[in-house]
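Residue numbers (our numbering): 649 to 932.
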């Protein structure tokens, strides 16, 4: 029994029933889980199982029969998916899978998180067990992964400090985003392997207010800045402090080496650039 509500659900079902090449439709994502994360903006994640997926990805004009398409991604590319915004800000993500690759008696990680079969012309999913609606926990990172994350963060931190001094703020923002990607990765590891909580850290920081610890979340609010040197310096120094704490905790919990002296020296260099900045001197 399907318990999903979405403005394009009926249109997609009607389309799939009329297409001989399409053998099944499976919904994944938040709408399939039916948890408290859905709202009026939730997209519909649909797996389209077909005998020939090329006909749908090489020519995606079939989308126009489903509704008024605002944006499709990718465009004019032979990729096994289409991410689509329909008029009114309604989003559907289509993923195409060849029917002969389906193993209908095993739960993938995606199906473990939740799935609902909308259409199954050949009983491909007849033997598939119900989803426990759990989030499989990622294994701990390797020492090399942690070291690479720490290394990239401090590599870009030096860049950011120097470009603040140069007043080249666009480059600051560009480099800073790489730093923030590493902060997020370290925060995910800290949640799973320091706090040892079996919790879903989602993707790209989604619902971060619900899974980050209070101290980290409060610090996160202080690592974003506007378009002036003072604000950028303050955000950078806050970010260094947060990342240092997270990376120390992760390295300690996983019993990895943490090069305290090296990162302290880099931090001291960045603080020197900060203290000598004319904007800071004029403020004082």
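Where is the CB? At the ideal position from N, CA and C, for every residue including glycine.
C-alpha distance - residue i paired with residue j, whole-angstrom precision
i, j, result
"residue 749", "residue 662", "24 angstroms"
"residue 727", "residue 764", "24 angstroms"
"residue 747", "residue 771", "11 angstroms"
"residue 927", "residue 799", "29 angstroms"
"residue 715", "residue 801", "44 angstroms"
"residue 667", "residue 849", "38 angstroms"
"residue 887", "residue 791", "22 angstroms"
"residue 780", "residue 676", "13 angstroms"
"residue 869", "residue 709", "44 angstroms"
"residue 717", "residue 682", "26 angstroms"
"residue 753", "residue 819", "50 angstroms"
"residue 902", "residue 916", "27 angstroms"
"residue 794", "residue 755", "30 angstroms"
"residue 719", "residue 908", "48 angstroms"
"residue 889", "residue 906", "15 angstroms"
Sequence-distant residues of the same chain with beta carbon closer than 6 angstroms to residue i, five excluded per side
i, result
"residue 740", "656, 692 and 732"
"residue 946", "Given a span of 649 to 932 for the chain in the structure shown, any question on residue 946 remains unanswerable."
"residue 664", "670, 673 and 767"
"residue 680", "762, 763 and 764"
"residue 873", "879, 880 and 883"
"residue 853", "832"
"residue 891", "801 and 831"
Pick from the options that is closest to residue i, judged by C-alpha positions
i, options, result
"residue 885", "899, 900, 852 and 919", "919"
"residue 729", "695, 867 and 849", "695"
"residue 895", "839, 735 and 880", "839"
"residue 672", "680, 689, 724 and 766", "766"
"residue 846", "778, 783, 708 and 660", "783"
"residue 712", "660, 906, 725 and 899", "660"
"residue 797", "829, 787, 809 and 724", "829"
"residue 864", "851, 852, 832 and 757", "832"
"residue 699", "738, 890, 769 and 911", "769"
"residue 773", "735, 703, 697 and 810", "697"
"residue 737", "921, 889, 810 and 690", "690"
"residue 922", "654, 751 and 815", "815"
Proximal residues to residue i (C-beta, below 7 angstroms), its chain only, five neighbours per side dropped
i, result
"residue 789", "837"
"residue 835", "860, 864 and 894"
"residue 744", "696, 698, 701, 704, 705, 728 and 729"
Beta-carbon proximity list for residue i, same chain, < 8 angstroms, skipping 5 on both sides
i, result
"residue 925", "812, 813, 877 and 881"
"residue 785", "840 and 846"
"residue 913", "none"
Checklist line | Minimum length 4: unbroken alpha helix (DSSP H) runs contained in the stretch 664-746 | finding: 678-681 and 702-705
Next item on the list: Pick out the complete alpha helix (DSSP H) segments inside the stretch 752-785, 4 residues or longer, and give them in chain order.
Entry: 757-761
Item checked: Continuous beta strand (DSSP E) assignments of at least 3 residues falling wholly in the stretch 864-899 -> none
Note to self: With three or more C-beta pairs closer than 8 angstroms as the rule, is the stretch 823-832 touching the stretch 804-815?
What the structure shows: yes
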